[in-house]
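Single-structure report; data block below.
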Amino acid sequence: MIEFPNVINCDGFNLEKVEPSFDVAKYLFNIVDSQREYLGKWLIWVEKSNKPEDMYDHLNKASKTNNGSYYIVLDGKIIGSVGLGIISETHKIGEIGYWLSKDYNGRGIMTNAVKTLSDFGFNTLGLDRIEILVDTENRASQAVAERAGFEKESVSRHSFILHGKSRDNIVFVKFRKGLENA
Ligand SMILES: CC(C)(COP(=O)(O)OP(=O)(O)OC[C@H]1O[C@@H](n2cnc3c(N)ncnc32)[C@H](O)[C@@H]1OP(=O)(O)O)[C@@H](O)C(=O)NCCC(=O)NCCS
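Numbering-wise (the numbering used here), the sequence shown opens with residue 5 and increments by one.
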C-alpha cells in the first residue's frame, strides 16, 4: 500500500499533514470564509463550507483516506493546500489539486509545491502518470501546471458542474522520466 510521509520539504516551506482538530478547522475556515469569491470561483467545495464544523468534517474524512492531502506551511502558518490523490494504484496514476491563500500569490510557491509533490509521486511512490484537471478559463492554475512541467493532453468537455453550470476541464499530464515518448 502507498504510504505518504507526514512532512515533505520544499524550498522555503513544508508540505505537512495536519491532525484534524477544531482549532485547525476554524483557522482554515477563516481563510476560506474571507476569500470566498477568490477561492470559490474555481473550487466546488467552497460553497459547501459554511461553518467551521464543515471544515472539521472535511479534515476528518481526509485523514481517513490514503491520499496525500498536504497543507502548505510557511513560517509555521498554513497558507494553502496541495494534494496528490491516487486514482489507480494498479495503473500508477495520480492527480494533483491545490489552492493558495490570496495573500501568498505571485511568489512561485504553488509551482514549487506542485513540482516537489509530483517528483515525490514519480520517484518515491513509483507513479507513471500524474494529472491536473483545470477549468478551461482558470488561467492562473493552467500557468502553475505548465510552469511545473505538465503538458496539455486533452479537454474533457462537460466534465463537472461549477455554480450550476456544466464546465470543461483541460487535462494536464506529466509522466515518469523515460515514459514521455514511449
Ligand atoms: C491557482 C493558484 C494556486 C495560482 O497561484 P499563483 O500564486 O499564481 O501561483 P504560484 O504560487 O506558482 O506563483 C506564480 C506567480 O509567481 C511568479 N513567481 C515569482 N517567483 C517565482 C518562482 N521562483 N517560480 C515560479 N513563479 C514565480 C510567477 O511569475 C507567477 O506570477 P504571474 O501570475 O504574475 O505570472 C491560485 O490562483 C489559487 O489558489 N486559485 C484559486 C484556487 C484554484 O484555482 N485552484 C486550482 C484549481 S485547478
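C-beta: ideal position from N, C-alpha, C; glycine also. Just so you know, these numbers come straight off a predicted model, no measurement behind them.
Residue i (DSSP reduced to helix, strand or coil)
i    : result
H62  : helix
G130 : coil
R143 : helix
D27  : helix
V22  : coil
S105 : coil
R171 : strand
F164 : strand
N13  : strand
F124 : helix
F8   : coil
E51  : helix
E93  : coil
E57  : helix
L183 : coil
K178 : strand
K81  : strand
Counted within 10 angstroms of its Cβ, other Cβ atoms place residue i as buried (16 or more) or exposed
i    : result
K169 : exposed
I48  : exposed
I165 : exposed
V148 : buried
T140 : exposed
E184 : exposed
P9   : exposed
F154 : buried
F26  : exposed
V118 : buried
G182 : exposed
A186 : exposed
M114 : buried
V11  : exposed
A144 : exposed
Rounded Cβ spacing between residue i and residue j (contact assumed at less than 8 Å)
i    : j    : result
E135 : V177 : 5 Å
L63  : V28  : 7 Å
Y31  : I82  : 7 Å
S160 : D172 : 7 Å
G84  : Y60  : Wrong, their Cβ atoms sit about 19 Å apart, outside the cutoff.
C14  : T120 : 5 Å
I180 : F126 : For the record, residue 180 in the displayed sequence is Arg; it is not Ile. Right, the Cβ-Cβ distance comes to about 5 Å (below 8 Å), so this counts as a contact.
I91  : I6   : Rounded, the Cβ-Cβ distance is 12 Å, inconsistent with contact.
Heavy atom of ligand 3 within 7 Å of residue i beta-carbon
i    : result
T140 : Because ligand 3 does not appear in the structure shown, any question about it cannot be addressed here, the ligands present being ligand 1.
Three or more C-beta pairs under 8 Å: does that hold for the region 65-84 against the region 9-21? Segment contact: the region 65-84 against the region 9-21, three or more CB-CB distances shorter than 8 Å; contact assigned.
Between the region 95-103 and the region 120-134, can you find at least three pairs of beta-carbon atoms closer than 8 Å? yes
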